[in-house]
Each structure stands twice: as structure tokens, then as C-alpha cells.
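Written below as C-alpha cells is the structure these notes are about.
In the working numbering, the protein residues as written are -6 to 169.
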């Protein structure tokens, strides 16, 4: 089973539309978003156009959280986990929190097979024993207001839970 791992989309509609189309075309039916969606409208776009299920947590920049949580609870393909997600998929235990510092500490504990975080916009995949820490980086445009290493490209991660192999997917630069 392949899953998509996203973070820090920061309300970038063109990239979000491309990601949803990509996931639908690839048959990836589970996506995990580590926060900073920003606007509940992004969640509604997933609700209305994504052919899979989106699990998400809130980040430090997410507004209208009560509305987002209420609408997610009404949608069959959205699950709001508030501040942290603990989920089992395909026999793998997954943890997700917006802050990579927290998620990386959880990965080091070995309690979960996969631990996911975001917030700092820095793509990293690190193995800690049998646990995999993933920060997919951000999926938004390069912006002088957003922290991001100068050579870092926007993207997200596709993880195959059966093999634990991962791949970074970058949307076309013209969408940034």
C-alpha cells in the first residue's frame, strides 16, 4: 500500500490541485497531511476531488480549526486528528504531529514504524532503528516569508508501507 505524506501546503491551490490529480492518477488512496493547510477550503478540495482518504493534523498556521474539524467529521473521506495522529495501516504503526522536533523524538523512541512531522519546511527521511522519521518538506512556492533552505524544492513523499521505500515527488515548478 502506497501512501502520500504532505505538510505545509500553505493554501497553494494550483499545487494542491496538481497533487490531488497525481494521487488519483496513481491510485494512492490514503494521504496524510502534517498541518499548515491554512484554509479549510484546502480540506474541502480534498473532500470534493480526492478519490481517497485524507488524515490531517493541525499546524501552527491553521485557521478556523473548529470549522475544519466540524466539516471533516461530516465528510466520509476526511479525518481530523487535531494535534496528533496515531494510526495503524497495513500492520504499520504511524504517528504524525505538525512539529518535526516532536515527531523525530517519537521516531527515536521506536514505538512507531513511521513518525511524520513538518513545520520547518526541511525535507528529511531518517531511519532510527526500525522506525522511519519523515518530514516531507513543504509543498508550496518558494516565498521570502517562508523558511526554506535556498536549494530545497517543494514536494511531498510517497511511502510504500509494504517495502518502506519512499520517493519524493515534486510538482511542476511553474505551479510554484
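Where a beta carbon is used, it is the ideal one built from N, C-alpha and C, also for glycine.
Where does the unbroken alpha helix (DSSP H) through residue i begin, and where does it stop?
{"i": "residue 171", "result": "Only positions -6 to 169 of the chain appear in the structure, and residue 171 is not among them; the question remains open."}
{"i": "residue 34", "result": "33 to 42"}
{"i": "residue 66", "result": "58 to 67"}
Got a sec? Which residues, its chain only, sit under 7 Å from residue i by beta carbon, not counting five neighbours each side?
{"i": "residue 122", "result": "103"}
{"i": "residue 79", "result": "88"}
{"i": "residue 105", "result": "86, 87, 88, 99 and 124"}
{"i": "residue 50", "result": "27, 28, 74, 75, 76, 77, 78, 89, 90 and 91"}
{"i": "residue 143", "result": "Bear in mind that the predicted position of residue 143 carries a pLDDT of just 48, short of 50, making it too unreliable to give a figure here."}
{"i": "residue 47", "result": "24, 26, 39, 70 and 71"}
Let's see if you can read the secondary structure: which residues bound the beta strand (DSSP E) around residue i?
{"i": "residue 26", "result": "23 to 26"}
{"i": "residue 118", "result": "117 to 121"}
{"i": "residue 125", "result": "124 to 128"}
{"i": "residue 8", "result": "From DSSP, residue 8 is part of no beta strand (DSSP E) but of the alpha helix (DSSP H) over 6 to 19."}
{"i": "residue 160", "result": "158 to 162"}
{"i": "residue 99", "result": "Counting along the chain, residue 99 falls outside any beta strand (DSSP E), though it belongs to the alpha helix (DSSP H) covering 93 to 102."}
{"i": "residue 72", "result": "71 to 73"}
{"i": "residue 105", "result": "Neither: residue 105 is in no beta strand (DSSP E) and is coded neither H nor E."}
{"i": "residue 46", "result": "46 to 49"}
To which residues of the same chain is residue i closer than 8 Å at the C-beta, ignoring the five residues directly before and after it?
{"i": "residue 57", "result": "32 and 33"}
{"i": "residue 17", "result": "42, 43, 44 and 45"}
{"i": "residue 64", "result": "33, 36, 37, 40 and 71"}
{"i": "residue 82", "result": "-6, -4, 23 and 154"}
Spatial neighbours of residue i within its chain, please: C-beta separation below 6 Å, excluding the five flanking residues on both sides.
{"i": "residue 54", "result": "29 and 31"}
{"i": "residue 117", "result": "128"}
{"i": "residue 13", "result": "42 and 43"}
{"i": "residue 132", "result": "-1, 2, 8, 147 and 149"}
{"i": "residue 11", "result": "164 and 168"}
{"i": "residue 62", "result": "73"}
Could you round the C-beta distance between residue i and residue j to whole angstroms and report it? I think they count as a contact, below 8 Å.
{"i": "residue 148", "j": "residue 130", "result": "6 Å"}
{"i": "residue 96", "j": "residue 113", "result": "In fact, because the Cβ distance is near 11 Å, the residues do not count as touching under 8 Å."}
{"i": "residue 15", "j": "residue 162", "result": "7 Å"}
So, does the segment -2 to 10 touch the segment 23 to 32, judging by three or more C-beta pairs under 8 Å? yes
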